[in-house]
Every structure is written in C-alpha cells, then in structure tokens.
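Residue numbers (the working numbering): 71 to 150.
Structure first, commentary second.
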C-alpha cells in the first residue's frame with residue numbers, strides 16, 4: 071500500500087495467509103482489528119470481510135500464500 075493507502079472491505083473465495091514484509095498496517099478481519107508489523111502473519115478465512123490500511127509514511131508489502139480449488143497452492147508477493 072502506498073503511504074496512507076489501503077484496501078476497502080471485501081471478501082475472498084479462498085482462505086489465505088499474509089506475511090508483512092515491509093511497513094506497518096492495520097488489518098480488519100471480521101469484527102476484529104489487528105496492528106500488523108514486519109514479520110507478522112495474518113490468516114484470513116474464506117468469505118470473511120477484511121480490509122487494510124497503511125499506518126506509516128512508507129509503502130507496505132505483503133507476501134500472500136493461498137490455496138485455491140482450481141490451481142492448488144499459490145504464492146506471490148504483492149506490493150500493496
């Protein structure tokens with residue numbers, strides 16, 4: 071995420087893990103909010119509403135690991 075950026079509330083069809091590589095982010099998962107820092111991992115269940123908000127004045131970057139029914143295990147790094 072760009073400084074002060076984020077991703078609005080949404081859901082995903084697949085459960086996925088996100089590992090924070092860079093920055094500091096607030097993550098909402100369902101009704102809970104987490105302060106996520108470098109080295110933290112969050113698990114986002116399938117079809118649970120979630121969102122992200124960058125807190126620092128730097129870009130943030132997640133590594134995402136997810137399982138999908140069609141393609142199996144997928145791993146990618148996203149600069150969000």
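Note that beta-carbon positions come from the ideal geometry of N, C-alpha and C, so glycine has one too.
Residue i in three-state terms, based on DSSP
i, result
"residue 109", "coil"
"residue 124", "strand"
"residue 148", "Any reading at residue 148 must be qualified, since the residue scores a pLDDT of 47, below 50, and its modelled position is unreliable; no value is offered."
"residue 97", "strand"
"residue 118", "coil"
The beta strand (DSSP E) enclosing residue i, as first and last residue numbers
i, result
"residue 92", "86-92"
"residue 79", "76-80"
Residues of its chain near residue i, where Cβ-Cβ distance is below 7 Å and the 5 sequence neighbours each way are ignored
i, result
"residue 125", "94, 95 and 96"
Cβ neighbours of residue i in the same chain (closer than 8 Å, five flanking residues each side left out)
i, result
"residue 111", "87, 88, 89 and 90"
"residue 79", "98, 119, 120 and 121"
"residue 117", "81, 82 and 83"
"residue 147", "Note that residue 147 scores 48 on pLDDT, short of 50, meaning its location in the model is unreliable and no value can be drawn from it."
"residue 129", "71, 72, 73, 92, 93 and 149"
Residue j beta carbon less than 7 Å from that of residue i
i, j, result
"residue 102", "residue 131", "no"
"residue 76", "residue 123", "yes"
CA-to-CA distance, residue j to residue i, given in whole angstroms
i, j, result
"residue 73", "residue 107", "15 Å"
"residue 209", "residue 133", "Outside the displayed span of the chain (71 to 150) sits residue 209, for which this structure offers no information."
"residue 115", "residue 100", "9 Å"
6 Å Cβ shell around residue i - same chain, five flanking residues per side excluded
i, result
"residue 113", "87"
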